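Colleague: Attaching a single structure in structure tokens format; questions to follow.
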Amino acid sequence: MPIDTSLFKGPRNVPVYGTGSGGDGGDFSFNGQLIDHAPRPPGIANRKDVYVVYLVGDSISPAYEDGTPIYVDPHRRPQPRDYVVVELRGEREGEPGPAFVKRLVARGAGKLKLEQHNPAGPLDPIDESDVVRVHRVIPWLELIGI
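Shown next, in the form of structure tokens:
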């Protein structure tokens, strides 16, 4: 019996935000442009403000690959070992800063500690005062309601 894949897709109402190419210090920067809407999987049927961005680069491969759409929850506080979208302050007020996806190691004492897979290892701690936001990437199993 064929699987009805429509059961895994909800309405296409999750905003997909465009990303601009980044430079040193980030994989991309949020440009704030709504470029599409993605399906709303059953596990996030009632979550507010969830959004999608397309991953740029392979620093966290094989967890997520370049070009993969990732669903992000801006409200659930990330815990160590969660993948996160981190946005830093821009060079000028009101300008988007660099953003990237990494794995959270620890957060406290005014520092954000992250790691990546390629090349493997921890990154230099980031001062929380330089961080605009840290949003949790929603894991696949959670998206489908497991």
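Mapping to the working numbering: the sequence shown position 128 is 114, numbers consecutive.
Note that the Cβ used here is the ideal one computed from N, Cα and C, for glycine as well.
Remember, predicted model here, so these are calculated numbers, not experimental data.
1) Give me the residue from Y37, P105, E51 with the minimum Cα distance to L20.
2) Exposed or buried, which one is Q102 when buried takes at least 16 other CB atoms within 10 Å?
3) Is it right to say P84 is buried, meaning 16 or more other beta carbons lie within 10 angstroms of its own, or is it exposed?
4) If you draw a straight line from the alpha carbon of T140 to that of P48, how long is it in whole angstroms?
5) Once DSSP output is grouped into helix, strand and coil, what is the label at L20?
6) So, under 8 Å CB-CB, D52 and R122 are touching, yes? Tell me the CB distance rounded to an integer number of Å.
Modeller: From the atom records:
1) L20 has its Cα closest to that of Y37, out of Y37, P105, E51.
2) Label assigned to Q102: buried.
3) buried
4) The structure shown does not extend to residue 140, since the chain is modelled only from -13 through 132, so no value can be given for it.
5) strand
6) So it is not a contact: roughly 20 Å between Cβ atoms.
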